[in-house]
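According to UniProt numbering, the sequence shown is numbered sequentially starting from 1. Have a look at the structure below, then the notes.
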Amino acid sequence: MELLSCMFNRAYAIKSLPPHLQTHRIGLSHLCFADDLLVSTKGTPEVVEKAKSILDAFYVVSRLRCNPAKSEVFCGGVDTRIQAQISSKTGFAIGQLPVRYLGIPLIAGKLNTADCQALVEKITARIRGWKVKTLTYAGKMQLITVVISSITQYWMGIIQLPVKVIKLVEKACSDFLWSAEEEGKRAKVHWQMIARPKKEGGLGFKDIRSWNMACLVRHLWAISSNSSSLWASWVRHYQLTYTSFWDIPTSIPCSWAWRKVLKLRTKVAQHLIVRPAGVYWGDCVMHKFSVKKVWEALRNKHEVVQWFSLLWKSFGTPRDKLLVWLVILNRIATLDKVQRWNNAVVNLCPLCSSMAESRDHLFFECAYSKRVLQAMFAGRSVVGANWEGSLATAISLFRLKNTASDRGRLLWVMVVAELWRERCRRVMSGEALSENQLLKKLQGSLQLLRNGFSQVELAVSEDYVNSIV
């Protein structure tokens with residue numbers, strides 16, 4: 001393909017191949033990626049025939065020929081009679097926009113949902129290809145982060161996704177996370193909460209809309225930093241000939257994509273600063289564009305939660321941490337909530353069988369759960385007057401960066417998660433573990449973790465465990 005590029009460049013240099021109307025200033029005759037070739041020329045039968053002759057000459061020396069069934073000619077402002085002549089001389093069909101090139105739709109007008117249907121279908125196909133029923137929530141979170149984010153990342157770095165497409169992608173991610181079936185079920189936590197950093201109470205997924213905006217700021221940085229990219233060079237030669245990028249009004253006649261780029265200026269004007277020394281983002285020179293740094297400045301920020309370290313800096317398993325996250329947000333299906341949906345349900349705590357069940361009662365007003373928690377911490381006072389008090393006590397006790405706090409955070413997360421699983425076991429199957437059995441189960445889990453983390457020590461009071469009937 002390098003030989004073909006040299007042949008087109010030579011024909012362009014000696015002016016035997018007249019260029020396209022808006023490509024001659026940057027010397028652009030063609031684009032080539034792997035086995036994909038895009039040639040731009042003047043729209044006359046004679047010029048197109050010369051371009052076809054170059055392809056024929058390349059076939060003679062390489063035995064590589066364009067497949068007429070996979071090749072098309074796209075014309076703009078060309079009479080239909082001339083288009084028919086071009087098609088006859090080349091043997092290529094006349095194509096119509098939009099068309100996908102390297103996976104992205106090429107379109108002259110506004111991008112709509114139908115143009116992005118390939119993105120939604122690709123994500124849906126990946127989800128249906130996974131064994132949803134066999135994955136834990138932690139496994140689904142990892143797959144959403146690695147696979148689905150990488151699919152949307154490519155699109156978001158090039159075009160601004162329509163709002164409806166973003167909602168469809170978010171719905172696909174949410175259904176995959178919370179559902180065991182393809183058709184989906186009601187989400188336990190809405191996506192706007194999930195798509196927050198963990199320090200702000202979310203699960204650490206990127207908000208697609210703000211991340212898309214941050215990716216597109218790369219175009220503004222390329223223009224402002226005099227980047228050598230082909231797109232930035234074209235913009236400087238054809239869009240910024242007589243004016244500055246920052247002075248172009250958005251009301252001028254232009255393409256939908258270019259207008260979206262112009263509208264980004266108001267969102268980054270206070271951050272992106274062009275100086276003689278270089279392009280600054282805030283007070284720092286941005287030698288290399290950083291999407292993460294831009295996203296942090298543009299996204300909507302929320303209050304940092306106090307329980308971040310207690311939960312996410314523990315050595316607990318991803319499964320336990322996700323379950324405790326739901327407990328903290330009070331998004332677990334306790335019987336007081338179930339009773340609102342079905343009045344026939346009797347609201348009685350499955351653990352102590354003496355009080356009505358709620359999140360606050362289970363953790364740790366319930367006598368059963370309170371004794372288990374105290375036993376795991378060898379009688380240390382870790383239970384508050386109510387749920388908020390117990391959570392605040394745990395945050396205060398295990399706030400430091402040392403072995404004791406690491407152990408305490410791990411124990412606290414394990415106890416909360418295992419108590420909820422014990423509660424569900426009693427409700428769903430009628431099976432029940434005594435306090436002694438549950439504590440020994442927790443002790444066994446700790447022993448397994450201690451084999452992997454040498455700094456984790458058992459804190460269960462053996463005398464207390466053995467004394468329980």
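Glycine included, each C-beta is placed from N, C-alpha and C at the ideal position. Every value quoted in this text rests on a predicted model; they were computed, and no experiment measured them.
> Where does His30 fall in DSSP's three states?
Replying inline: Three-state result, His30: strand.
> So what's residue 537 in DSSP terms, helix, strand or just coil?
Replying inline: The requested residue 537 does not occur in the structure, where the chain is confined to residues 1 to 469.
>> My parser needs the beta strand (DSSP E) runs of 3 or more residues fully inside the region 231-307; what are they?
In response: Entirely contained in the region 231-307, the beta strand (DSSP E) runs reaching 3 residues are, in chain order, 272-275, 278-281.
> Are there three or more Cβ pairs, one per stretch, closer than 8 Å when the region 250-258 is compared with the region 190-207?
Replying inline: Counting C-beta pairs with one atom in each stretch, the region 250-258 and the region 190-207 have fewer than three that are closer than 8 Å, which means they do not touch.
> Can you tell me where the beta strand (DSSP E) with Asp36 in it begins and where it stops?
Replying inline: For Asp36, the enclosing beta strand (DSSP E) begins and ends at 36-39.
> In angstroms, rounded to a whole number, what distance separates the CA positions of Gln96 and Trp258?
Replying inline: Near 21 Å, if we compare the C-alpha coordinates of Trp258 and Gln96.
> When you compare each of Trp234, Ser396, Ser174, Lys337 to Leu311 by their alpha carbons, which one comes out closest?
Replying inline: From the listed residues Trp234, Ser396, Ser174, Lys337, the smallest Cα separation to Leu311 is found for Ser396.
> Can you tell me the Cα-Cα spacing of Arg371 and Thr393, whole angstroms?
Replying inline: Taking the straight line from one Cα to the other gives about 16 Å.
> Buried or exposed: which applies to Lys110, given that a residue is buried once 16 or more other Cβ atoms fall within 10 Å of its Cβ?
Replying inline: The residue in question, Lys110, is exposed, as its Cβ has fewer than 16 Cβ neighbours within 10 Å.
> Do Met193 and Leu264 have their C-beta atoms within less than 8 Å of each other?
Replying inline: No, the Cβ-Cβ distance between Met193 and Leu264 is not below 8 Å.
> From Glu431 to Leu362, what does the alpha carbon distance come to, in whole angstroms?
Replying inline: Taking the straight line from one Cα to the other gives about 18 Å.
> Does the distance from the CB of Asn347 to the CB of Glu357 come in under 8 Å?
Replying inline: With respect to the 8 Å criterion, Asn347 and Glu357 are classified as neighbours on the basis of their beta carbons.
> What alpha helix (DSSP H) runs, 4 residues minimum, are completely inside the region 371-456?
Replying inline: Entirely contained in the region 371-456, the alpha helix (DSSP H) runs reaching 4 residues are, in chain order, 387-397, 403-428, 435-452.
> Looking only at its own chain, which residues have a Cβ that is under 6 Å from the Cβ of His237, when we skip the five neighbours before and after it?
Replying inline: For His237, where only same-chain residues beyond five positions count, the Cβ hits under 6 Å are Arg25, Ile26.
>> Quick check: Pro90 and Val48, are their CB atoms within less than 8 Å of each other?
In response: The residue you asked about is not Pro; residue 90 is Thr in the sequence shown. Their beta carbons are under 8 Å apart, which means Thr90 touches Val48 by this criterion.
> DSSP three-state call for Leu220: helix, strand or coil?
Replying inline: In the three-state DSSP reduction, Leu220 falls in the helix class (H, G or I).
>> Which residues does DSSP list as the beta-bridge partners of Ile94?
In response: For Ile94, which the question treats as bridged, DSSP gives the partners Val73.
> Comparing alpha-carbon positions, which option in Leu3, Ala114, Val146 lies nearest Lys164?
Replying inline: If we check each option's Cα against that of Lys164, Ala114 comes out closest.
> Do the CB positions of Thr152 and Ile208 come within less than 8 Å of each other?
Replying inline: Taking 8 Å as the Cβ cut-off, Thr152 and Ile208 qualify as a contacting pair.
>> Looking at the strands, I want to know which residues DSSP matches up with Leu106.
In response: Within the DSSP bridge table, the entry for Leu106 names Val99 as partners.
> Quick one: complete beta strand (DSSP E) runs, 3+ long, within the region 133-173?
Replying inline: Residue ranges of uninterrupted beta strand (DSSP E) with 3 or more members are absent from the region 133-173; none lies entirely inside it.
> Met1 by DSSP, collapsed to three states: which one?
Replying inline: In this structure, Met1 counts as coil in the three-state DSSP scheme.
>> So, at 6 Å on beta carbons, what are the nonlocal neighbours of Ile94 in its own chain, with the 5 sequence-adjacent residues on each side left out?
In response: If we look at Ile94 and ignore the five residues flanking it on each side, its Cβ neighbours are Val73, Gln83, Ser87.
> From Asn436 to Ser405, what does the alpha carbon distance come to, in whole angstroms?
Replying inline: If you take the alpha carbons of Asn436 and Ser405, they lie about 25 Å apart.
> Between which two residues does the alpha helix (DSSP H) harbouring Ser62 extend?
Replying inline: First-last of the alpha helix (DSSP H) with Ser62: 45-62.
> Just how far apart, CA to CA, sit Val327 and Val146?
Replying inline: Each residue's Cα considered, the two are about 26 Å apart.
> If you draw a straight line from the C-alpha of Ser224 to the C-alpha of Leu272, how long is it?
Replying inline: Approximately 9 Å, taken between the alpha carbons.
> In angstroms, rounded to a whole number, what distance separates the CA positions of Leu28 and Leu230?
Replying inline: Pairing Leu28 with Leu230, the inter-Cα distance amounts to about 9 Å.
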